[in-house]
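The structure appears below as structure tokens.
Residue numbers (this note's numbering), protein chains in the order written: chain V, 897 to 1106; chain S, 897 to 1106.
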């Protein structure tokens, strides 16, 4: 006789139960309603309610990110997994999702500036940075280089999602973002980060629908 | 004067330092050399050395996965982020990477079988399951449904990467995989999982190059 498993098979019910579990377990009392929605989705993506205390918003970050998306600004991503994970149907203005990592000019650019390809790819963002949502979900070098570009006069994004991950430069690059004057940001401090929670943050900002 | 940041900009040096940090901090002594390579990459992808004790391999899992890739078998993924994250240049036989989630037949299939789209998408894998590497990096329903399909006579994959994530069914679906007789698997037990560590496991199996 075939094995059967007893599990919830309705997508909407799964979401409801997941979000209820997260809201029951995670410490969300320091966040605004809008911020909490973002954090809940991020926790949903990684399975860790312990993430909450590591997430820090500047005061207008959620509002600025939402406004930029509503205004049709692009989403600039450091990693292809981030670009591919965003749920296009949730975006309010059919916003462009841009990842320049595979651009054929990137390897030569990286050699020229003496940095990683992830960092060099940002040199191709140009004027599209202006008022955009920037999502750094992988490479600390990309986040450091973003700050260098802005410092050198590149246009300012509306929001920087700083969720570089890992053991070399991740924590430091996010501290540098937090210390940079006048940038709105959502940051996961420390080593944690990655494409899944970055995508979750964008998907949450994109639509108020849970 | 422009701000400058002191950080490592050489990709290979970043990998080396990351992997050395992980090997210095993570408890890897229960793993074979080949398994440890996989776990190190998974930790690298999520920033958590605490992941190690939650990763469980069946005795021949790493070998079977590597052999399937060398033999040119496809990689079947439940999620697009997994499919897009795999480094194609590391694959030993230009292996096909398949994700059927966007197939236009999936919504109707999901209604018919009364399950999620993530689960229904697996009904389109058919004979390609035979000897394949299956990567479940997102949906518990997909992992449960995989076991149901195999139980109903579908061909057996060479390896199941069981890294469904989250709060509803994730832990249970991975326990069901572990309990299923005769399937080779790499499992992250509990709520943790996700596309990043799933991709990292495949990238590690795909090439011995660190």
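Idealized CB from N, CA, C, for every residue including glycine.
Whole-angstrom C-beta distance between residue j and residue i, which should lie under 8 angstroms
i	j	result
residue 1088 (chain V)	residue 1081 (chain V)	Between residue 1081 (chain V) and residue 1088 (chain V) the Cβ distance is about 16 angstroms, and since that is not below 8 angstroms, they are no contact.
residue 940 (chain S)	residue 918 (chain S)	6 angstroms
residue 938 (chain V)	residue 1035 (chain V)	With a Cβ gap of about 19 angstroms, residue 938 (chain V) and residue 1035 (chain V) do not count as contacting.
residue 965 (chain V)	residue 989 (chain V)	7 angstroms
residue 1118 (chain S)	residue 942 (chain V)	Summary: the structure shown does not reach residue 1118 (chain S), with chain S confined to residues 897 through 1106, and so no result is reported for it.
residue 948 (chain V)	residue 912 (chain V)	About 20 angstroms separates the two Cβ atoms, so there is no contact after all.
residue 1106 (chain S)	residue 915 (chain S)	6 angstroms
residue 934 (chain S)	residue 958 (chain S)	6 angstroms
residue 1032 (chain V)	residue 1057 (chain V)	7 angstroms
residue 997 (chain V)	residue 1013 (chain V)	6 angstroms
residue 1065 (chain S)	residue 904 (chain V)	6 angstroms
residue 1020 (chain S)	residue 999 (chain S)	6 angstroms
Own chain, CB closer than 7 angstroms to residue i, minus 5 neighbours either side, in chain order
i	result
residue 1018 (chain V)	1038, 1041, 1042, 1045
residue 1023 (chain V)	1051
residue 969 (chain V)	991, 1027, 1028, 1029, 1054
residue 977 (chain S)	1091
residue 961 (chain V)	1029, 1054, 1055, 1101
residue 1099 (chain S)	937, 982, 983, 986
residue 956 (chain V)	1080
residue 1076 (chain S)	1043
residue 1094 (chain S)	978, 1031, 1033, 1057, 1059
residue 954 (chain S)	1080, 1081
residue 926 (chain S)	none
residue 1063 (chain V)	1087
Residues bridged to residue i [DSSP beta-bridge criterion]
i	result
residue 1057 (chain S)	S:1031, S:1082
residue 993 (chain V)	V:971
8 angstroms Cβ cutoff, residue i in contact with chain A
i	result
residue 1104 (chain S)	Included in the structure are the protein chains V and S, with no chain A among them.
Beta-carbon contacts of residue i that lie in its chain and below 6 angstroms, excluding the five residues immediately before and after
i	result
residue 1015 (chain V)	1037, 1038, 1041
residue 1084 (chain S)	950, 951, 1059
residue 1118 (chain V)	Nothing can be reported for residue 1118 (chain V), as the shown portion of chain V is limited to 897 through 1106.
residue 900 (chain V)	none
residue 932 (chain S)	924
residue 1103 (chain V)	986
residue 1049 (chain V)	none
residue 1003 (chain V)	none
residue 1005 (chain V)	1016, 1019
Beta-carbon contacts of residue i that lie in its chain and below 8 angstroms, excluding the five residues immediately before and after
i	result
residue 1011 (chain V)	1037, 1041
residue 930 (chain V)	958, 959, 962
residue 1071 (chain S)	1085
residue 921 (chain V)	945
residue 1001 (chain S)	1020
residue 908 (chain S)	none
residue 1078 (chain S)	1052
Quiz item: What are the uninterrupted segments assigned as alpha helix (DSSP H) that are 4 or more residues long and contained completely in the stretch 939–978 of chain S, given in chain order?
Solution: Entirely contained in the stretch 939–978 of chain S, the alpha helix (DSSP H) runs reaching 4 residues are, in chain order, 957–966.
Quiz item: Where are the alpha helix (DSSP H) runs, 4 residues long or more, that stay fully inside the stretch 1001–1046 of chain S, in chain order?
Solution: 1002–1009, 1013–1016
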